[in-house]
Structures are given as C-alpha cells and as structure tokens.
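Residue numbers (the working numbering), protein chains in the order written: chain A, 1406 to 1703; chain B, 1406 to 1703; chain C, 1406 to 1703; chain D, 1406 to 1703. Just so you know, even glycine gets a beta-carbon here, dropped at the ideal spot from N, CA and C. Here the structure is laid out as structure tokens; the discussion comes afterwards.
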C-alpha cells in the first residue's frame, strides 16, 4: 500500500487528502494548526505532529502551502522534507509558487536523493472537493508516470508540461488568462447593464458563441447577482499576478493586458477588497463607471 | 409556406440561406455580385435581381451585410426594403452594426409598417455552415416568437435579450470579450514558449481548468501553429471594437482592457495585417517580445 | 481701424475680447446670454444682439464656443457667420473642435467667399486674461499673416502649423499630452506619499530634471494640496480625448497611453467628478491605491 | 582640504569627478577598468588601484555604479567601502538603485560607523559634464548639510527629500514620469505626422502651452529627426521601471500608465533596441502605426 504524506491541509489540501484516502492510499497529514489534522483522521487518514514525522515513511510527499517561502521552509532545514524523507521518495509540490523557486526546490530535492515534481492545480475549492482538479506537472517523465495514481485521485485533467518548473510556468499563464477573462466579462456586464439589456439572457447567448468560457459558466451568474464570497480571493490572485509579471519581465515577454489587469487587481487589494472572490473585479468596473452596485443587483 | 428573402449572400449569408432552404423555407436571395445568387439557386432557392424584387412577397426579410451604412442603404430609399416590403412583414437584420443605428433602423421600419428585429450572430463561417450560430436578438417579444422558426434554422443558441438595439449591444460585448480572450491567450502562449514549456500539453491542461474558453478550444491549436488564415478578419474586428469603444464612452462605461486590446488590434490593421484571422494578435505579441515566428512554429 | 467680431464671450472669449479692446481694435461682441456682452461694453467694446449684426461690418470674425456642433450652428444658416459676413473677411475659429469638422467649416467658409483659419488655444483662463495664450493655427499662410495682429493681441506663442484643420490636430495632440502628463504626475505623487517622502521637496527636484513640465510647475502644488477647483474641467478634457481617440483611430495611429488615460478621465466623469479640474485625476489614483485624500493633505 | 573618493568613473562618474577637481577638492578615483582612472589623473585627480586604497583617507566617498548588486558589492566585504573607510566619513551613493537596497546599505554603513546618504541624479551625461545635475537626497539632515559642498559642485538642483532611501524613491518617480512623457510625446508626434502637420511648428507651439516639458525641449527635435543615439539607454530605463513597478506594487500604489509604458519599454529591449536612447520609444509607436521611419524623417 502506498503511503502519501500531505503537508498543508487547508481549503485545498484538506479535501485533496480526503480524496486520497477515498482512493485507497495510506494518508499521513500534517498541518501547522492541528485542528485540520483531526478532520483528516476522522476521514480515515493518520496525523503527524511534525513534517519530519509525516514524511519519514512516505512513498509520495505532497505539499500544498500558500507561497514560495512556505515551500522553501517546509522542504529545507533539519526538520524539513528533504532531510527526513527516504531516498527515492517522490516529492510533489502542488502549491502555486514562483517558477524559479520551483526549479531551485527541485535541485535541492534531487541533491537530497528525492525525485521531485511541481504540480500546481487549477479549479478551486469545488474541484478539490470533487477530485476534478486540472494539474499541470513539471519534472521528469518517469517521475510523472510514478505520480499518476496519486494525481489521478485528486485531478481530472492531469498533464505533464515539461521539465522542472514548467508546472508553475503554466499555472502562471493560467492565472494571467483567468484574471483577464474575469475583467473582460466584468467590462461586458457593466456595458450590458448600462444599455438595459437582459443580462441573464445575454450571458446565455454569449456563453453559446466564441465569447464562451469557463469563467462565464462558473462565475457569470454570481457576478450578475454581485455575490463575491470566495472562492479564490483577490489577494491570492494579486500574489500570482506578481509572479506572472516578474516572470514575463525576466523572459522579455510583453503582456499588455496582463499588466493592466494586474493594476486593477492591485487596486482591489489596496482598497481593502482583497478578501473578495476574484470575480469581485466587477465591483471595481461598476464603480469606475459611476454605477450603483445595489441598483444593478435588483 | 413561409417565404424568406435574404439580402447579402456572402461568407455568412450564403450558408445561412442554404440552411433555410434545407429547413423547408421558400428562399429568395439577392446579392450585389450576382454569382452568389447562382449558388443559392443551385441549392434550391430563387434569385432576385433587386432588393425590391426580393422582398416584395416575403414574409420574413433577412439582411446580412458588412456595416452600418450598408444596412441603412439597403433598407432606405425607393428601391429599399422598407419601401417595397408588405405591411406586417418581419424584417430581421443579422449584420453586426452600431446599436444606435439599429435603433434608428427599427424606428424607420416600424414607421413603414414592418416588424423589426436586430439579430447579429456569433460563431463565424463554420457555425453558419453548420447552422449552429449563436443569435442575440433585440426587439419585441412577439416579433421574436414569430421569427423563431427562421432563426432556429440557422442557429443553435437563439436568445431574446431586450428591446430594439439590444442584440447589437450584446454583439458588441461579445466582440469585446473575444478580442480580449484571444489577446490573453496570445500573451500566455508567448510566455509559455519563452520558458520552453510543452505548449500543446499546456493548452490541454489550461483548457481543463478555469482558464478554459471557446477561443482556446477553437483557436489555440492554430495559434500554436501560427496559422492565421481567416476565419474572422482583424479588419472586421477592428470595426467592431470601434463600435464597442464608442458605445461604452457614450454610456459612461469604463473598459480598460477593451481600450488596450483595441489599440493592439488597431496596430495589426495599421501594419497591414488586417486580413489575418483575429487570432493573429499572437503575431504582434510574438514580435513585441522579440521572438521569431518561425522558430516558434518548429 | 480694424473691426473684430467676437462670438462667444465666456471664460475664454470674454478676456480675449477685452485684450483686443486694449490692443486698440474696434471690438463687437455677441453672446447667447447677453450679460456677458455688458461686460465687454463696460470694457470699451460694442455689443450686438445677433450673430448677423456682429459680423456684418467686421474685418475679422473670431468664434470661441464649446464644441463642434456650436461652431457649425453659428457659422451656417440664414443668421450665421457665412451668410452675413462681407466677402473677403477673415474668419478665425478659436474653439477646440474635431479636426474633420474644422476642415468642413473651412470649405464652407471659402465657398461663401471668406478666408478661414482654425486657431485653437492652450493655456487656460489665466493665459486668456494675461493675453499669453499658445495658439496653433491651421489654414493658408497669407491668411495667417493677415490674422497675426489679432492673434498677437491675445497670445504669446502663435504658430502656423499647416493647412486647414491642422490647428485642431495640434490641439488634439496637446490634450493627449496634457492628460497623460497629469496622470503620470498623479501616479508619482501617490507613490511618493506612500513612501513618506517630503513631496514638496520631491516636486522641486523633479521639476529641475528631465521630469520637469509645465503641468508640474502649474498644477503640482495644487495637487499636493488636493485643490481641484477648475481651471479646465475634466468633462471638457473628456470631450477632447474623444476627439483624439477618434482621430487617431481614423488615421491608424496607435496611442496606448492615450487610450488608458482616456479611460481614467472617462471614469472621473462617470463618477460625477467631471466638474473638477483635470488635475483631479490625482483623486482617482489616490483612491485606487486605497489611500485617504484627507490624510494626504495634512 | 576635503578629500573625496569617487568609485565608478564611467559616463556619469567621470565628468562628476572632473567637476569635483575643478571645484578644488582632492579627488581620488577608482574604476574597475583602469583607463578611466588615467583620464581623472590627467584632469588633476589621483588614482587608486583598489576601493580600499581609494576610501582609506577620504572625508567623503561617492559611488556611481550601474545597479543595486554593484553598490552592495563595492560597499561590503573585506575590500569594500565600509571595512576600509574611516569612522565618521560621509558615504554618498549616487547610483540609481532599489530604494529598499538603499535602506539596507544605509543601515550597514551606519553599523560600520559611517554617515550615509542616497543621492541619485537626473539630467544625464550633458548635465554631468556641465555640473548641472538634479540631485535627490535621502538621509539625515545633518549629513545632507555636510555633503552640500560636494553635491553643489556637481549639481544645480540639490534637494533633501527625506530619510534614507527617499532619494531613490524620488528617482524612481522621476523615471516613471520621464518614460511616460517620452511615450506621450511619441504618440503625439506620430499623430501629427499622420495628419501632415508641420511638426517643427507644432512642437514649438506645444512647448509654449500646458503640454510643455523638459522632455519636449531636450528630446523633441531629435525625435522628429529619428536620432536615437544615447543619451540614456532604454535598457537602463527598463531596469529603472522594474524598480518602480516593484516598489509601487509593494506599497499598494496603482500606476496604470506606468504599467503600460513599462510594457512598451520592455518591448523595445526584447526586440533588441535596448541600446537606443529612451526617446527611441518613438520608433515603436511609428512601427505599431504602420508608418515608415524613413519617410517621417524626410
């Protein structure tokens, strides 16, 4: 039986660990705040008090933590993943972090005798619960093959996209497209409202043509209702757009729409709306257009 | 048997008329260049030498012409639709034109005793041939109900979105979203190429998550191959973005991404690339990033 | 003695007419609301009840009205300038209007036997009072030479920039640069405030280097104090940026910064701040950055 | 007699050192490539083979090097400024570097017993030769007072703008404004050319009104002539806009125009034009507008 250690049992990592249990894996979970561990144990997994304890006997180690420094912290040092995992174990970081940090982590992990993949996900909490995440994987093809059973237990579209760091690069591109698609839909919605169009009908027909998108399908109705409970918070998307902007700059890639939507997301965070769902960009467009959020809802 | 006159038998109007024939309508077609009429006659329709001849006995009149002035020309004057159609006939303009012009045309048509709808389409040549267009319809609910059999013969998603002009307003929003989605995908593609990611795999996984879109599904592979044969030409999309920009300005709606992508499309046209498919925005992003189109293809 | 008719005695036209009186011209003024005429009469000019009366015996006719339709109205028709002025009189429109309208007005004026110049101004109310306006003149060189004495009485930098319409084209470029320079200064000010820099000192040193500008010299201190009383209203600048955007589009000129600042000015107007001075763009940047206007003032 | 060590005798540092000699200071220079030292010795200064030798007996130490890592390297380590300068010596970094690095350097310098200022300059090579630089100084007021004689020997506008790092913050704002002003002028120039206006005359009249700027005065004529020999290279401005973008992001300041012009500058560098003067942005606008650089020159 394959033992999978999961470090980070938050909004995403928690349901992913539960799906691994359901799929028949022996799951050992660790989380900074221990109450999340209890949920996993209730679901049939095991708990570990430390990272070291969690990873010691694991065949596969998954981390799902907020940001680049968290991954560096949890992998390095005496109590970290790399110092305590068995040689040959497979380390899969599923957090969303900087591609260059992912490359560094992969090098450090290999130097410690592990196999390493970066495998960030798309789809949000709903897909984490359903086990239908999209997973973009960077690393060696053999390691990807070895990780498939674990990844298939939590994801639906699981694709190997290139060498170490490539998963994070694709995730960065994903966040660029998603932020932009939301903002474009927001601009379209305010435009339609201003002209008194039936917006429910309009979104239906837009969704049936070339303007259709997963953002429109999943977020459109909530946007019309001005329901911005997360979901995926603007503050996190702001972090991710910082990754895109920097990575694009370093590679000499020009992203004019990315740069502008990055400013709009930054404005939402600066104004104190970082806790809203990223579809909350509609709030900014509504306000910049001098329109009343409440009137639009009615 | 319902007689449908179709004015404008070009890339879109031609296959739409053919689908009306297939659906059992008596179709009378007129086109400025008469060779297109022959194609319709071969498919089982009838030809008319003038607009007046085409519309005289029609129950439903459809126009599918390039731009606002063309609609005004074909409807007005002694030889036009409004002077020659029977009272009570249903006039459906399916061209993409300015919403304010559509409102004016509707007023003029009603003054002449006709019923009028604006019903622009989305989906391009492929959907026109398949009869799977998305159709966004503005006008009276009764008139929409009366037009359904005709619209259903050429479209799959057929939605009434509001009073006269609303169809064009939704089409304008459609063009805003489509141009933006293409540009975002273009920025993502160049970013992925710059980092040496497997772009085929990347587009597969992006399509499976929140970044998925009809643009990605239909245009993504062609973009990776740098195949920019139209499809929908940038010069036409440039015209449409002019409509969006002006209409947004008049309504006090702020569209920052729309404004920027409008500049990029304008640049493509100014540089002589107006004849490329709108997915050709990728060519501009590639070049602005100092990358070689040919190298990317290999 | 040269007789100059001045149509439009508002914030700009009033002081310009007064300066013409001071320079020794025989000035006949007309204004839609007659109280402005009284001010001119008190200053030594003559009043006229109608446009026709004002222009009948004038050697030079100056118009200073709000927008393109106003110029068309005042020049055309039975009671207009062109029907009532003497053949060979010199007509100088100093309003800010669309370049293509200016070309049309020039053609109509010449057809009526007049000589015509477009001569919009820059510098605002202060420069109108001081007689130190910048004047950008389109038309024939001979006509420009003939108009110099009149133009020199109200302006300091008076330049012939090309054929009919060219004055308006240069004015459009002027408005593009000015809006952009204000917005850039606004972004810089909020950036400096966020880092706790001494902003008075910073503006002094910025003004001494390559970042120096007339906008910084004239508007900088007022911006730091958040004093946004007009001056030149955002609503008017919004109108002018509409002219620039349309004219650039028609000529195939790509203006990415112009397009973005046009959106920001549009937002100010949409939100109800169109009555503020154009330096009020700082209010928007401050708010988008989540900062408190009042705190910055203290 | 005050001894001033100057580390970095390049395009800027060389003429600054020469002006310090002229002003009567005892100047000891050091440069990585020793030929620059010879020029200083010929001008009446002294040379030093190492940083340590240069700073050992200096009352004031000036560094003028390309980027943040260069300042960190030259100040730290066994052979660096801080290990070899006398306690109480005044260290003035006049390079353009990241504000947060400047703060760190100041802390390290003070820990080593020195007094520290950040004092970046604006005005370019011409102002360095003339001794007319604008200098924006961050640090303690006493230290600023002590540094005045040295700063006045190389600059004309010398202003204390706040605590450590503030000089670099103001320089970042300077680079934001300058890049934007150049781009706006470029958009205006292409617009004027497209309409066949007399651009020399237009720039004269624009310069006399609210659109006037130091950029227009110093760069306008060269831009019309398409002369883009540096001057200040786009590659360096790209570096500086990276500083602005990051610093604005960290402080939650929204800079939409800054973000867009940053993309345009990035495009120039990516396309291989990083060696042109920053006024070379005109080349990009010209090309995006489908216009011929050579035709415009004639």
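Any idea what DSSP makes of residue i, helix, strand or coil?
{"i": "residue 1583 of chain A", "result": "helix"}
{"i": "residue 1440 of chain D", "result": "helix"}
{"i": "residue 1621 of chain B", "result": "helix"}
{"i": "residue 1603 of chain B", "result": "coil"}
{"i": "residue 1648 of chain C", "result": "helix"}
{"i": "residue 1347 of chain C", "result": "This structure gives no information on residue 1347 of chain C, because the portion of chain C shown stretches from 1406 to 1703."}
{"i": "residue 1659 of chain C", "result": "coil"}
{"i": "residue 1557 of chain C", "result": "helix"}
{"i": "residue 1406 of chain D", "result": "coil"}
{"i": "residue 1703 of chain C", "result": "For residue 1703 of chain C, the predicted structure reports a pLDDT of 47, less than 50, and the residue's modelled location is therefore unreliable. A value from the coordinates is still provided. Residue 1703 of chain C: coil per DSSP, three-state reduction."}
{"i": "residue 1415 of chain C", "result": "coil"}
{"i": "residue 1495 of chain C", "result": "strand"}
{"i": "residue 1434 of chain C", "result": "strand"}
{"i": "residue 1631 of chain A", "result": "coil"}
Hey, does residue i have any beta-carbon neighbour from chain D nearer than 7 Å?
{"i": "residue 1588 of chain C", "result": "yes"}
{"i": "residue 1601 of chain B", "result": "no"}
{"i": "residue 1659 of chain A", "result": "yes"}
{"i": "residue 1524 of chain C", "result": "no"}
{"i": "residue 1747 of chain C", "result": "Residue numbering for chain C in the displayed model covers 1406 to 1703; residue 1747 of chain C lies beyond these limits and cannot be assessed."}
{"i": "residue 1609 of chain C", "result": "yes"}
List, in chain order, every chain C residue whose beta-carbon is nearer than 9 Å to that of residue i.
{"i": "residue 1641 of chain D", "result": "Simply none; closest approach about 13 Å."}
{"i": "residue 1596 of chain D", "result": "1574, 1577, 1578, 1581, 1649, 1652, 1653, 1656, 1658, 1660, 1663"}
At 9 Å on the CB atoms, spell out the chain A contacts of residue i, in chain order.
{"i": "residue 1520 of chain D", "result": "Ordered by position in chain A, no residue passes the 9 Å Cβ test against residue 1520 of chain D, which lies about 34 Å from the chain."}
{"i": "residue 1410 of chain D", "result": "The premise fails here: residue 1410 of chain D is roughly 35 Å from chain A at the closest Cβ pair, so nothing lies under 9 Å."}
Determine, using beta carbons only, whether residue i comes closer than 7 Å to chain B.
{"i": "residue 1512 of chain C", "result": "no"}
{"i": "residue 1579 of chain A", "result": "yes"}
Might you give, ordered along the chain, the residues of its own chain that have their beta carbon closer than 6 Å to the beta carbon of residue i, omitting 5 neighbours on each side?
{"i": "residue 1461 of chain D", "result": "1489"}
{"i": "residue 1535 of chain A", "result": "none"}
{"i": "residue 1446 of chain D", "result": "1452"}
{"i": "residue 1520 of chain B", "result": "1495, 1548"}
{"i": "residue 1532 of chain C", "result": "1538"}
{"i": "residue 1542 of chain C", "result": "1522, 1524, 1549, 1565, 1572"}
{"i": "residue 1569 of chain A", "result": "1508, 1511, 1543, 1544"}
Beta-carbon of residue i versus every beta-carbon of chain A: anything under 7 Å?
{"i": "residue 1652 of chain D", "result": "no"}
{"i": "residue 1501 of chain B", "result": "no"}
{"i": "residue 1571 of chain B", "result": "yes"}
{"i": "residue 1425 of chain B", "result": "no"}
Quick one: list the residues of chain D neighbouring residue i, beta-carbon separation under 9 Å, in chain order.
{"i": "residue 1672 of chain B", "result": "1692, 1693, 1694, 1695"}
{"i": "residue 1416 of chain C", "result": "Ordered by position in chain D, no residue passes the 9 Å Cβ test against residue 1416 of chain C, which lies about 15 Å from the chain."}
For residue i, go through chain B and note every residue whose CB falls closer than 8 Å to its CB, in chain order.
{"i": "residue 1688 of chain A", "result": "The contacting residues do not exist; residue 1688 of chain A stays about 13 Å from chain B at best."}
Under 8 Å between beta-carbons, which chain C residues line up against residue i? List them in chain order, please.
{"i": "residue 1664 of chain B", "result": "1664, 1665, 1667, 1668"}
Going along chain A in order, which residues have a C-beta closer than 8 Å to the C-beta of residue i?
{"i": "residue 1675 of chain D", "result": "1657, 1658, 1659"}
For a contact defined as C-beta to C-beta under 9 Å, what are the partners of residue i on chain B?
{"i": "residue 1585 of chain C", "result": "Those within 9 Å of residue 1585 of chain C in chain B number zero; the least Cβ separation is about 14 Å."}
Which residues in chain D sit within 8 Å of residue i, going by Cβ to Cβ distance?
{"i": "residue 1627 of chain A", "result": "Within chain D, no residue comes near residue 1627 of chain A; the closest Cβ sits about 25 Å away, beyond 8 Å."}
{"i": "residue 1647 of chain A", "result": "1654"}
Taking Cβ positions only, does residue i come closer than 7 Å to chain C?
{"i": "residue 1495 of chain D", "result": "no"}
{"i": "residue 1615 of chain D", "result": "yes"}
Taking 6 Å as the cut-off, is the C-beta of residue i nearer than that to any heavy atom in the ligand NAD?
{"i": "residue 1534 of chain A", "result": "This structure lacks the ligand NAD, and indeed carries no ligand of any kind."}
Give the interface partners of residue i over in chain A, defined as CB-CB distance under 7 Å, in chain order.
{"i": "residue 1680 of chain D", "result": "Those do not exist, as residue 1680 of chain D stays about 15 Å from chain A at its closest Cβ, beyond 7 Å."}
{"i": "residue 1528 of chain B", "result": "1614, 1615"}
Nearest chain F C-beta to residue i closer than 7 Å, yes or no?
{"i": "residue 1546 of chain B", "result": "Protein chains A, B, C and D are contained in the structure displayed, whereas chain F is not."}
Looking only at its own chain, which residues have a Cβ that is under 8 Å from the Cβ of residue i, when we skip the five neighbours before and after it?
{"i": "residue 1455 of chain D", "result": "1435, 1484"}
{"i": "residue 1406 of chain C", "result": "1429, 1430, 1431"}
For this session: Taking only runs that begin and end inside the segment 1497-1555 of chain B, name each unbroken alpha helix (DSSP H) of 4 or more residues, in chain order.
Result: Listed in chain order, they are 1504-1516, 1529-1535.
*asked:* What ranges does the beta strand (DSSP E) occupy inside the segment 1448-1481 of chain D, keeping only unbroken runs of at least 3 residues that lie completely in it?
replied: Within the segment 1448-1481 of chain D, the complete beta strand (DSSP E) runs of at least 3 residues are 1465-1468.
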